[in-house]
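2 protein chains.
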Amino acid sequence: MKLFLTIGYLGTNYCGYQVQPGKPTVQKALNEAAKALFGFDCDVVGCSRTDSGVHATCFCATLSEKGKESLPLKMDASKVPLALSAHLPRDIAVYDAKWVEDDFHARYDVKEKEYLYRICNRAVRDPFEEGRACHVPVPIGDDDLARMKEAAAYFVGKHDFSAFRAVGSKETDPVRTVFSASVERKGDLVLFRVAANGFLYHMVRIMAGTLLEVASGKRTTESVKTLLEDPTSGTAGMTAPAEGLYLVRVTY
Amino acid sequence: MKLFLTIGYLGTNYCGYQVQPGKPTVQKALNEAAKALFGFDCDVVGCSRTDSGVHATCFCATLSEKGKESLPLKMDASKVPLALSAHLPRDIAVYDAKWVEDDFHARYDVKEKEYLYRICNRAVRDPFEEGRACHVPVPIGDDDLARMKEAAAYFVGKHDFSAFRAVGSKETDPVRTVFSASVERKGDLVLFRVAANGFLYHMVRIMAGTLLEVASGKRTTESVKTLLEDPTSGTAGMTAPAEGLYLVRVTY
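Chains as they are written, first to last, in my numbering: chain A, 4 to 255; chain B, 4 to 255.
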């Protein structure tokens with residue numbers, strides 16, 4: 004058996020999830036915390052990579068002894084969140100832990116992931132949203148919001164999302180199934196949520212950037228439909244900043 | 004005429020509002036931003052002092068030429084928030100500005116102030132609430148919450164709040180009128196709000212600390228009533244940490 008962890012982190016101070024030599028990453032912090040707690044090296048396998056500055060309110064990972072598929076310990080999993088969090092920096096915490104079988108894979112067994120993209124829409128920036136939302140000073144009116152919703156609805160379904168991935172992305176299969184996509188206003192915030200069976204590199208940020216171009220009138224809602232029908236017919240919008248992006252749900 | 008500003012700031016990186024030699028304060032940042040924008044030294048008079056680490060979503064201040072009660076400029080006040088915010092650090096912003104008479108005083112003319120105290124009540128700390136709420140890991144149950152509400156209701160009215168101020172506080176008149184005081188749960192958060200015609204030094208934090216002692220059963224709701232009737236009859240609770248406190252409304 005190995006441990007399955009549910010983790011939250013504010014990504015501002017990290018170069019993403021995945022270990023990179025000489026850089027602060029969430030995985031590195033988890034590795035160090037596990038070693039401090041258990042006294043031996045561990046493998047931490049995450050559900051996903053996240054970009055530098057991206058946040059997660061629900062990131063899933065497994066913890067096993069280094070090079071093995073199990074953790075040679077018998078302990079009450081309910082004690083793990085507090086114990087491991089005590090060894091983590093203040094911007095990372097383990098919310099929940101349970102034992103899972105050796106053959107469970109935190110990344111390959113994911114059925115669905117949901118991301119939230121937060122847009123702070125007010126003329127002057129909000130100090131409390133600094134690094135936590137994308138600041139858009141130009142007002143997004145009700146008509147603009149309606150067009151964003153219309154465009155987001157086109158994302159739903161099984162499509163070739165080639166137009167919505169970073170240049171140089173190496174994934175061979177660009178087809179993904181989006182289960183839901185919505186846009187809502189909540190006070191000064193405009194929230195874009197999207198759930199799918201998987202995402203291409205930068206896909207959510209390019210979706211968010213494209214919706215913002217729909218809002219500003221720079222592109223039509225139909226252009227989104229066209230890009231999904233024929234990814235070579237044009238280019239999607241800008242890649243919206245990492246700071247607005249949150250991984251909020253992972254389903255196995 | 005001088006400028007009346009509505010300001011928001013995340014207090015984490017500041018030694019409070021008021022200028023202190025050699026320390027980062029919100030007032031210092033505002034002074035520097037005003038000088039950078041207008042080209043001459045200014046006086047910034049705030050509605051209140053706030054402690055190190057305390058936040059404000061609505062802090063009011065006036066801006067005039069140094070040593071004078073007016074600002075020798077004619078400009079559209081609506082341009083000020085963006086212009087001044089551009090010269091401020093990312094954790095401070097000016098939300099609104101308008102012209103007021105020379106004899107208006109940001110501090111002495113305050114009729115009512117409202118503070119919010121945020122308590123994050125979950126076993127494991129929340130990385131997104133780090134520095135923004137007081138973390139209470141022990142569950143606050145519905146009965147505990149009911150007692151907090153009952154105790155908070157005693158604060159309402161005109162009372163001698165001597166028992167609810169920091170030792171060494173120099174204010175001669177300890178009588179204040181509390182207009183409203185409430186406690187509510189919102190997800191993992193327990194929110195204490197209190198509005199009054201003024202507050203003694205550390206008063207809201209001691210109120211919050213006392214309510215937390217009521218919640219944990221360390222003291223009775225009646226002890227709060229007794230301390231207001233006879234401030235010399237005992238001592239109030241601990242001073243809750245600054246990081247949970249927000250100035251949220253100022254009425255003139």
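Quick reminder that beta carbons are idealized off the backbone N, C-alpha and C, glycines included.
In this structure, DSSP gives Lys-26 of chain A a state outside helix and strand, which the three-state scheme calls coil.
With contacts defined by Cβ atoms closer than 9 Å, Thr-65 of chain B and Val-29 of chain B do not form a contacting pair. Shown here, Ala-199 of chain B sits in a strand according to DSSP, grouped into three states.
Under the three-pair Cβ rule at 8 Å, the stretch 193-213 of chain A counts as touching the stretch 106-121 of chain A. Taking Met-4 of chain A as reference, the option from A:Pro-75, A:Ala-32 and A:Glu-216 with the minimal CA-CA separation is A:Pro-75. DSSP, reduced to helix, strand and coil, places Asp-129 of chain B outside both helices and strands of the structure shown, so it counts as coil.
With respect to Ala-96 of chain B, Asp-129 of chain A sits close: the two C-beta atoms are nearer than 9 Å. For Ala-239 of chain A, the closest C-alpha among the options A:Arg-222, A:Glu-246 and A:Pro-140 is that of A:Arg-222. Within the stretch 90-140 of chain B, the complete beta strand (DSSP E) segments at least 3 residues long are 95-103 and 115-123, listed from N- to C-terminus.
Under a criterion of Cβ atoms nearer than 9 Å, no residue of chain A is adjacent to Glu-117 of chain B; the nearest Cβ is some 17 Å distant.
For the pair of segments examined, the stretch 127-142 of chain A was found not to touch the stretch 42-49 of chain A: the number of CB pairs separated by less than 8 Å stays below three. Secondary structure of Ala-59 of chain B (DSSP, three-state): strand.
For Val-97 of chain A, the nearest CB of chain B lies under 9 Å from its own CB, placing it at the interface with that chain. Bridge partners of Ser-73 of chain B according to DSSP: none are assigned. For the stretch 125-141 of chain B, the set of positions with a beta-carbon nearer than 9 Å to some beta-carbon of chain A reads Arg-125, Ala-126, Val-127, Arg-128, Asp-129, Pro-130, Phe-131, Glu-133, Gly-134, Arg-135 and Pro-140 in chain order.
Across the stretch 85-110 of chain A, CB contacts with chain B closer than 7 Å involve Leu-85, Ser-88, Arg-93, Asp-94, Ile-95, Ala-96, Val-97 and Tyr-98, in sequence order along the chain.
Tyr-204 of chain B is a Cβ neighbour of Glu-174 of chain B, given a cutoff of 9 Å. Around the beta-carbon of Asp-54 of chain A, 16 or more other beta-carbon atoms lie within 10 Å, marking it buried. Taking C-alpha positions only, Leu-248 of chain B is separated from Lys-152 of chain A by approximately 37 Å. Apart from sequence neighbours up to five positions away, the residues of its chain that approach Leu-148 of chain B with a beta-carbon distance below 8 Å are Val-186, Arg-188, Val-193 and Ala-218, ordered along the chain. Thr-213 of chain B sits in a helix when the DSSP states are folded into three classes. In chain A, no part has a C-beta under 9 Å from the C-beta of Tyr-204 of chain B; the shortest such distance is about 25 Å. Burial state of Val-207 of chain B is buried, judged by a 10 Å Cβ sphere holding 16 or more other Cβ atoms. Annotation for Lys-152 of chain B: the continuous alpha helix (DSSP H) segment containing it runs 145-158. Contact of His-58 of chain B with chain A is assigned, a C-beta pair being separated by under 9 Å.
Here DSSP, grouped into helix, strand and coil, assigns Glu-68 of chain A to strand.
Close partners of Tyr-12 of chain A in chain B (Cβ separation under 7 Å): Pro-130. When Cβ pairs closer than 8 Å are counted between the two stretches, the stretch 7-25 of chain B is seen not to touch the stretch 82-97 of chain A, the count staying below three. Closest in C-alpha terms to Glu-72 of chain A, from the list A:His-108, A:Leu-214 and A:Gly-49, comes A:His-108.
For Arg-150 of chain B, the closest C-alpha among the options B:Glu-232, B:Tyr-20 and B:Thr-224 is that of B:Thr-224. The beta carbon of Lys-69 of chain B lies closer than 8 Å to those of Phe-43, Asp-44, Cys-45 and Asp-46 in the same chain, with the five residues before and after it left out.
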